[in-house]
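Here the sequence shown is numbered in this note's numbering, starting from 6 and rising by one per residue.
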Amino acid sequence: MNDTVNVTIDGRAVKAVKGETILELASRQGIRIPTLCYHPRLPLAGACRVCAVEVEGARTLVASCVFPIEQEGMVIKTDTERVLQARRLVVELLLASGDHNCLLCESNGHCELQDLVYELKIERPRFPAASPGHALDHSNPMIYRDLNKCILCGRCVRGCNEVQVNQVIDFGYRGGRTKIVTAEDRSYGDSNCVFCGECVQLCPVGALVENKARFAGRPWAIKKVPTTCTYCGTGCTIDLNIIDGRVVKITGNEGGVTNQGSLCVKGRFGYEFIHHKDRLTTPLIKEDGRFREATWDEALDLTAQRLGQIKEKHGPDAIGGLSSARCTNEENYLMQKFMRAVVGTNNIDHCARL
Ligand code: SF4
Ligand code: SF4
Ligand code: SF4
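Right, dumping it as structure tokens:
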């Protein structure tokens, strides 16, 4: 069975895999087609039409993110004047459909709609903006919702329902009144939202943002440092979002092998301990019933000395090690290696074993 077809895309003769979308082919060929409702982790929607392209013989432009390549000899054009005009129209209408005052928006500098306005060289929108007048959602400490900036791409809905399978949000109302709603259109705080933050991670604009990170610093000032979440043994890859040495928010790392960008409420929002004033930052040694601060060298020397004394007096099996699911695999491996090879006992256990 021949599962490839010969097609032409922007004048280039290429082979396409039968059934792949035009967007996938373009991406393999290094041809950029802008998108908004599309996200590689989500089921396809073909909702926003920003990715429209021309296919010779087709009466209308087609949405490249959902259009499968099936026919031999297909001719695709991704950057004709007709295509660019259609994209501009879509983006201008989206811009006019909400309250897009980038100066006041937390996503300024990290917004796919704003990027498209720039990319498509839209100097002045043709249509007057009409804010839908949705109430701001301040109902919880984790997620801030301003649906006046929502472009109804549905990425949050597909993320909540099909990635996290939480079934909390969907499209509500109809026509010009359409909005993203929880059951009975309640606030997030009053709904059955579990605050995984998947919807925030997927939102391409400033409609859903991390509440605690508001006014903490602009996106371009953020330095992202990938690391492993310490809350459980799943070991999700997170990005610490750092400004001036302080973690201002945590986002899921889309390249993370175990989580591909998804996180739970603890991993995404439970980071205030990092800079908490009560956090222990130096080892403590107990002397005469009172703790005193010590250096790491001092604490490690004392621990080695005491373990040596116990081993000499009672044998290695008098010592046991208990490790933690909050450590990485590598740290747990080192712990058992230390107990077996250095201390000389198999007394090693782990809080998540049972
Ligand atoms: S969502 Fe994007 S386009 Fe809208 S105000 Fe915010 S930064 Fe600007
Ligand atoms: S935070 Fe999670 S559960 Fe709540 S609406 Fe967003 S995706 Fe759904
Ligand atoms: S809230 Fe964000 S992700 Fe959800 S539909 Fe609106 S713009 Fe898209």
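We put the beta carbon where it would ideally sit given N, CA and C, even for glycine.
Predicted model only: the values in this text are computed from it and were never measured.
Could you work out which residue in G51, E336 and Q265 is closest to P73 when comparing CA atoms only? Your numbering for residue 73 matches position 68 in the sequence shown. Of the candidates G51, E336 and Q265, the residue whose Cα lies closest to the Cα of P73 is G51.
Just curious, the beta strand (DSSP E) that S328 is in, first and last residue? Here residue 328 refers to the residue found at position 323 when the sequence shown is read from its first residue. Note, S328: beta strand (DSSP E), G326 to S328.
For a test of your reading of the model: does the CB of N106 fall under 7 Å from any non-hydrogen atom of ligand 1? Yes or no. The residue given as residue 106 occupies position 101 in the sequence shown. N106 Cβ: within cutoff of ligand 1.
Should the segment 135 to 148 be regarded as contacting the segment 183 to 195, the criterion being three or more beta carbon pairs within less than 8 Å? The segment 183 to 195 and the segment 135 to 148 touch, with three or more beta-carbon pairs separated by less than 8 Å.
Please confirm whether any heavy atom of ligand 3 lies closer than 7 Å to the CB of L312. For the purposes of this step, residue 312 is taken as residue 307 along the sequence shown, with counting starting at 1. No, ligand 3 has no heavy atom inside 7 Å of this Cβ.
Ordered list of alpha helix (DSSP H) runs contained in the segment 59 to 118, each at least 4 residues: 86 to 101, all fully within the segment 59 to 118.
Report whether the distance from the Cβ of G266 to the nearest heavy atom of ligand 5 is below 7 Å. With respect to ligand 5, the structure offers nothing, as its ligand set consists of ligand 1, ligand 2 and ligand 3.
Residues near S328 by beta carbon distance below 6 Å, same chain, minus five either side: Counting from one through the sequence shown, the residue named residue 328 turns up at place 323. Around S328, the same chain offers N337, M340 and H355 as residues with beta carbons nearer than 6 Å, after the five sequence neighbours per side are excluded.
Per DSSP, cross-strand counterpart(s) of Y149: On the sequence shown, residue 149 is found 144 positions in, with the first residue counted as 1. Bridge pairing for Y149: V214 [DSSP].
Is the beta carbon of V95 closer than 8 Å to that of L55? For this step, residue 55 is matched to residue 50 along the sequence shown. For this step, residue 95 is matched to residue 90 along the sequence shown. At residue 55 the sequence reads Val, which differs from the Leu that was named. Going by C-beta atoms, V55 is nearer than 8 Å to V95.
Less than 7 Å separating the Cβ of A212 from some heavy atom of ligand 3? Indexing the sequence shown from 1 puts residue 212 at position 207. Between ligand 3 and the CB of A212, the shortest heavy atom gap is smaller than 7 Å.
Short Cβ contact (8 Å threshold) for C53 with C201: Counting from one through the sequence shown, the residue named residue 53 turns up at place 48. Counting from one through the sequence shown, the residue named residue 201 turns up at place 196. At least 8 Å separates the beta-carbon of C53 from that of C201.
Let's see if you can read the secondary structure: which residues bound the beta strand (DSSP E) around I255? The residue labelled residue 255 in the question sits at position 250 within the sequence shown. R251 to G257 is the extent of the beta strand (DSSP E) around I255.
Shorter than 7 Å, the distance from the beta carbon of L141 to the closest heavy atom of ligand 3, or not? Working through the sequence shown from its first residue, we reach residue 141 at position 136. Remark: the C-beta of L141 is outside contact range of ligand 3, defined as less than 7 Å to any heavy atom.
Could you tell me the alpha carbon to alpha carbon distance between V205 and D190, rounded to whole angstroms? On the sequence shown, residue 205 is found 200 positions in, with the first residue counted as 1. On the sequence shown, residue 190 is found 185 positions in, with the first residue counted as 1. Within the model, the alpha-carbon separation for V205 versus D190 is close to 18 Å.
Taking P39 as the reference, which of A188, Q314 and L89 has the closest Cα? Your numbering for residue 39 matches position 34 in the sequence shown. Selected option, being the one with the closest Cα: L89.
Residue environment, H44, which counts as buried when at least 16 other CB atoms sit within 10 Å: Translated into positions along the sequence shown, residue 44 becomes position 39. The residue is buried, with at least 16 neighbouring Cβ atoms inside 10 Å.
So, with DSSP's three-state summary, where would you put V262? By one-based count along the sequence shown, residue 262 stands at place 257. Coil.
Specify whether the segment 216 to 227 and the segment 96 to 109 touch according to this definition: at least 3 beta carbon pairs, one from each stretch, less than 8 Å apart. With fewer than three CB-CB distances shorter than 8 Å, the segment 216 to 227 does not count as touching the segment 96 to 109.
So what's L339 in DSSP terms, helix, strand or just coil? Residue mapping note: residue 339 aligns to position 334 of the sequence shown, counting from 1. Taken through DSSP and simplified to helix, strand or coil, L339 comes out as helix.
Tell me which residues share the same chain as I371 and place their Cβ nearer than 8 Å to its Cβ, disregarding the 5 neighbours each side in the sequence. Past the boundaries of the shown model lies residue 371; the chain is included only from 6 to 359, so the question cannot be answered.
Alpha carbons only, please: which of C237, G222 and T239 is nearest the one belonging to I247? Residue mapping note: residue 247 aligns to position 242 of the sequence shown, counting from 1. Among C237, G222 and T239, the Cα nearest to that of I247 belongs to G222.
Kindly list the residues whose CB is nearer than 6 Å to the CB of A134, restricted to its own chain and excluding five residues on each side of it in sequence; keep chain order. Taking the sequence shown and counting its residues from 1, one reaches residue 134 at position 129. The residues are A101.
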